[in-house]
Amino acid sequence: MQVYRLPALSDNYIFLLHDPMQHIAAVVDPAEADLVLQQLAALDAPLVAIFNTHHHADHVGGNLKLLQRFPNAVVYGGAEDRGRIPGQQVFLQAGDRVSFGDREATVLFVPGHTRAHIAYYFPPIAAHTPGDLFCGDTLFAGGCGRLFEGTPAQMVDSLGQLRALPDNTNVWCAHEYTQKNLEFALTVDSTNVDLQQRLATVKAARSRNEATIPSNLGVEKQTNPFLRWDDQGVRSTVEAENAVQAFARLRGMKDRF
Ligand code: ZN
Ligand code: FE
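If you count the sequence shown from 1, position 31 lands on 786 in our numbering, and the numbers rise without skipping.
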């Protein structure tokens, strides 16, 4: 499975999945259709699936136009998003499996950013190759999504599910927020050497206008404060007694950053 990262709108990424053997394509969170149609034409591959993580317009905006061109494409989304995702045909729950080409993803139910948000985790096909996580606006490189419809407790549970995945996982998140996220992270985890180095690398990449996605889940576990609620330093910075309180305080600070 080849993943093409298409920058869209102001800071979104659309991910186009291509299986060169079966000569088919799928798309994750098409913010808009035209970029996807161009890439499909360049690959000369039909679109067989649209995988949505949640109902926000910058993740589903291209659904209907893509369906017009590829009426046989199957539109997937979370069961709780019924009625909110244009063209949705499959209503997924935690533990469901979806296939694309030679890969099969497990569906994770990760509410918090919205009450219906799901993520797609494709385990590695062979030892020492990475898995692929499409997590929408739940986990970002160096950060996490805002809580629009969920509670801190839900988001801690959702991020905990993602944190439990193997380190060797590509994190395909839907926005280029990494530098700002890491600048915030440093304010609550200032002595973290891995974080300091990561911010320097990301700043250099962004000054060359390079994308920072995919990220690596192992790196996220070391440097993303929203996965580090049990780190003593982070927890004492926000004076929290437990994971949910630490998360809630971090999220509140980030909202005001
Ligand atoms: Zn969103
Ligand atoms: Fe978004």
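A virtual CB, placed ideally from N, CA and C, is assigned to each residue, including glycine.
Beta-carbon proximity list for residue i, same chain, < 8 Å, skipping 5 on both sides
i: D922; result: N971, L972, G973 and K976
i: V989; result: V943, D944, P980, R983, A1001 and L1005
i: D1010; result: R901
Alpha carbon of residue i to alpha carbon of residue j, nearest angstrom
i: V983; j: R1006; result: Inspection of the sequence shows that residue 983 is occupied by Arg rather than by Val. Going from the Cα of R983 to the Cα of R1006 covers about 12 Å.
i: D766; j: V853; result: 27 Å
i: T946; j: E931; result: 25 Å
i: V803; j: V865; result: 25 Å
i: Q952; j: I968; result: 17 Å
i: Q823; j: G842; result: 10 Å
i: A960; j: A966; result: 7 Å
i: R839; j: N827; result: 20 Å
i: L847; j: L790; result: 26 Å
i: N925; j: A812; result: 24 Å
i: L863; j: A871; result: 11 Å
i: G898; j: L888; result: 15 Å
Contacting residues, own chain, Cβ-Cβ under 7 Å from residue i (five flanking each side not counted)
i: H814; result: D784, A786, N807, T808, G891 and A929
i: R760; result: Y768, F770, A966 and I968
i: V957; result: T933, Q934, L937 and T967
Own chain, CB closer than 6 Å to residue i, minus 5 neighbours either side, in chain order
i: Q844; result: V829 and V830
i: T978; result: D949, L950 and R953
For residue i, the nearest candidate out of the options (CA to CA)
i: A955; options: Q916, Q934, H778 and Q757; result: Q934
i: P980; options: T942, E996 and N964; result: T942
i: A834; options: H811, N818, R858 and I873; result: I873
i: T861; options: T992, D851, N925 and R870; result: D851
i: E904; options: H883, H810, L863 and E996; result: H810
i: G867; options: D857, A995, L917 and L819; result: L917
Heavy atom of the ligand FMN within 7 Å of residue i beta-carbon
i: P921; result: Judged by which ligands are present, the ligand FMN is missing from the structure shown, whose ligands are the ligand ZN and the ligand FE.
*Take every Cβ of the stretch 783-794, pair it with every Cβ of the stretch 764-772, and state whether three or more of those distances are shorter than 8 Å.*
Judged by Cβ distances under 8 Å, the stretch 783-794 makes contact with the stretch 764-772, as three or more pairs qualify.
*Three CB pairs or more closer than 8 Å across the stretch 906-915 and the stretch 931-943*: No contact exists between the stretch 906-915 and the stretch 931-943.
*Check whether the stretch 872-881 touches the stretch 793-800, counting contact only when three or more Cβ pairs, one atom from each stretch, lie closer than 8 Å.*
With the cut-off at 8 Å, the stretch 872-881 and the stretch 793-800 do not touch.
_So if I measure from each beta-carbon to every heavy atom of the ligand ZN and keep distances below 5 Å, which residues remain?_
Taking a cut-off of 5 Å from the heavy atoms of the ligand ZN, the residues with a C-beta inside it are H811 and D892.
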